[in-house]
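Colleague: Below is a structure I'd like to ask you about.
Chains as they are written, first to last, in this note's numbering: chain P, 5 to 173; chain H, 2 to 144.
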């Protein structure tokens, strides 16, 4: 028997709907200009530059608090996304009801340690999070952020997160 | 703690992100600063509860720490965050102003070590605490 291959547009529509379901319901991400690019299951968080993100107006550098927000957001969304993946791919999510409760609550931050490696320049920043351990209750996530050159990090962070009850099985 | 003078109050007005987040300087002292940040729907991180995003609280504690470094009597230069660790202890109740106090508990020639606490109603029930290392340039002793 030939396996039925799901049309590519259906796959993309489903994945993009779930990702934007997570992102669009968090007002703070919009406030900070944080968006997510997706390639397959890999997410890249983008903090789109805006003058309000500046912390040092004399030398025009990003505010460390904004960088902290960016890294924390990248970690939370990546963790939520990783945890929903299997259910999403098995078509178990009600895509029509993503706003109304088909998506689980977001993980909660327990702690976050941010390492400021270089001044943040007045331009877009990118971040990718790696989930190093994700258990039923706790997860440990590492995030790397860069600007112009991928290999030149301007900040990194490690954080611990409490998983929402719905994903504890 | 004493009320900030005009120059100290201007700290948050001069930093665009502090201004965007509505921060104000309420108290200062040698190596110490207290800042507030009002609740705003734009800052919600958890849409189901209306709790402010942890990142906004981090930004408030980072800003308070920066001003605390500038308030240190032996500081003579600019500062920047080297490292910041934040513990989120309980969610910030919605619709409440968040206050953060930061203090330099130790300063070497080139590093200031900071502690910061954030709360809404009761300082004894903090929503978050932070420890950080900041760039510091100590004044040369005059003899």
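C-beta: ideal position from N, C-alpha, C; glycine also.
This one's a predicted model, so the numbers in the text were calculated from it and none came from an experiment.
What are the uninterrupted segments assigned as alpha helix (DSSP H) that are 4 or more residues long and contained completely in the segment 29 to 114 of chain H, given in chain order?
Modeller: Listed in chain order, the complete alpha helix (DSSP H) runs (minimum 4 residues) inside the segment 29 to 114 of chain H are 55 to 71.
Colleague: Any chance the segment 151 to 164 of chain P sits against the segment 19 to 28 of chain H, with 3 or more Cβ pairs inside 8 Å?
Modeller: They do not touch, by the three-pair rule.
Colleague: Can you list, in chain order, the residues of its chain whose CB lies under 7 Å from that of residue 112 (chain P), leaving out five sequence neighbours each side?
Modeller: Position 108 of the first chain, counting from 1, holds the residue named residue 112 (chain P). For residue 112 (chain P), where only same-chain residues beyond five positions count, the Cβ hits under 7 Å are 165 and 166.
Colleague: Against chain P, does residue 89 (chain H) count as a neighbour if the rule is that its beta carbon must be under 7 Å from one of theirs?
Modeller: The residue you call residue 89 (chain H) lines up with position 88 of the second chain. Closer than 7 Å to some Cβ of chain P, the Cβ of residue 89 (chain H) qualifies, so yes.
Colleague: Would you mind working out which of H:74, H:120, H:13 and H:29 sits nearest residue 107 (chain H), comparing C-alpha positions?
Modeller: Within the second chain, residue 107 (chain H) is the residue found at index 106, counting from 1. Of H:74, H:120, H:13 and H:29, the residue nearest in Cα terms is H:74.
Colleague: In three-state DSSP terms, what is residue 7 (chain P)?
Modeller: Your numbering for residue 7 (chain P) matches position 3 in the first chain. Reduced to three states, the DSSP call for residue 7 (chain P) is coil.
Colleague: Could you tell me whether any Cβ in chain H is nearer than 7 Å to the Cβ of residue 145 (chain P)?
Modeller: Indexing the first chain from 1 puts residue 145 (chain P) at position 141. It does not: the Cβ of residue 145 (chain P) has no partner Cβ on chain H nearer than 7 Å.
Colleague: In whole angstroms, give me the CA-to-CA distance for residue 144 (chain P) and residue 140 (chain H).
Modeller: As a first step, residue 144 (chain P) is located in the first chain; it is residue number 140 there, counting from the start. As a first step, residue 140 (chain H) is located in the second chain; it is residue number 139 there, counting from the start. When rounded, the distance between both Cα atoms is 41 Å.
Colleague: Any beta-carbon of chain H closer than 7 Å to the one on residue 35 (chain P)?
Modeller: In the first chain, the residue the question calls residue 35 (chain P) occupies position 31. So, interface residue.
Colleague: If distances are taken between C-alpha atoms only, which option among H:90, H:115, H:111 and H:103 comes closest to residue 127 (chain H)?
Modeller: Along the second chain, read from residue 1 onward, the residue named residue 127 (chain H) stands at position 126. Considering only alpha carbons, the answer is H:90.
Colleague: Take every Cβ of the segment 47 to 56 of chain P, pair it with every Cβ of the segment 78 to 98 of chain P, and state whether three or more of those distances are shorter than 8 Å.
Modeller: Output reads yes: the segment 78 to 98 of chain P touches the segment 47 to 56 of chain P.
Colleague: Name the residue from H:88, H:72, H:49 and H:79 whose alpha carbon lies nearest to the alpha carbon of residue 34 (chain H).
Modeller: Sequence index remark: in the second chain, residue 34 (chain H) carries index 33 (1-based). Comparing Cα-Cα distances from residue 34 (chain H) to each of H:88, H:72, H:49 and H:79, the minimum goes to H:72.
Colleague: Quick one: grab the DSSP three-state call for residue 118 (chain H).
Modeller: Taking the first residue of the second chain as position 1, residue 118 (chain H) is located at position 117. Note: residue 118 (chain H) maps to strand in three-state DSSP.
Colleague: Exposed or buried, residue 172 (chain P), counting other C-beta atoms within 10 Å across all chains shown (16 or more means buried)?
Modeller: In the first chain, the residue the question calls residue 172 (chain P) occupies position 168. Any reading at residue 172 (chain P) must be qualified, since the residue scores a pLDDT of 44, below 50, and its modelled position is unreliable; no value is offered.
Colleague: Using the Cα positions of residue 25 (chain H) and residue 6 (chain H), report the straight-line distance between them to the nearest angstrom.
Modeller: Within the second chain, the letter at position 24 stands for residue 25 (chain H). Within the second chain, the letter at position 5 stands for residue 6 (chain H). Their Cα atoms are separated by approximately 12 Å.
Colleague: Please go through the same chain and pick out, in chain order, the residues whose beta-carbon is closer than 8 Å to the beta-carbon of residue 37 (chain P), but skip the five residues on each side of it.
Modeller: Along the first chain, read from residue 1 onward, the residue named residue 37 (chain P) stands at position 33. The residues are 51, 52, 53, 54 and 57.
Colleague: Here's the rule I'm using: 16 or more other beta-carbon atoms within 10 Å means buried, otherwise exposed. How should residue 110 (chain H) be labelled?
Modeller: Here residue 110 (chain H) is taken as the residue at index 109 of the second chain, counted from 1. When all chains shown are included, residue 110 (chain H) counts as exposed.
Colleague: According to DSSP, residue 136 (chain H) sits in a beta bridge with which residue or residues?
Modeller: As a first step, residue 136 (chain H) is located in the second chain; it is residue number 135 there, counting from the start. BP columns for residue 136 (chain H) point to H:112.
Colleague: Using only the alpha-carbon positions, how far apart do residue 12 (chain H) and residue 68 (chain H) sit?
Modeller: As a first step, residue 12 (chain H) must be located in the second chain, where it is residue number 11. As a first step, residue 68 (chain H) must be located in the second chain, where it is residue number 67. Approximately 7 Å, taken between the alpha carbons.
Colleague: Rounded to whole angstroms, what's the CA-CA distance from residue 106 (chain P) to residue 141 (chain P)? Just pull it up for me.
Modeller: Start at 1 with the first residue of the first chain, and residue 106 (chain P) comes out as number 102. Start at 1 with the first residue of the first chain, and residue 141 (chain P) comes out as number 137. Going by the C-alpha atoms only, they are around 20 Å apart.
Colleague: Going residue by residue through the segment 73 to 104 of chain P, where are the continuous alpha helix (DSSP H) segments of at least 4 residues, counting only ones entirely within it?
Modeller: For the segment 73 to 104 of chain P, not a single whole alpha helix (DSSP H) run of length 4 or above is found.
Colleague: With 7 Å as the threshold, decide whether the Cβ of residue 135 (chain P) is near any Cβ in chain H.
Modeller: On the first chain, residue 135 (chain P) is found 131 positions in, with the first residue counted as 1. Answer no: the Cβ-Cβ gap between residue 135 (chain P) and chain H never drops below 7 Å.
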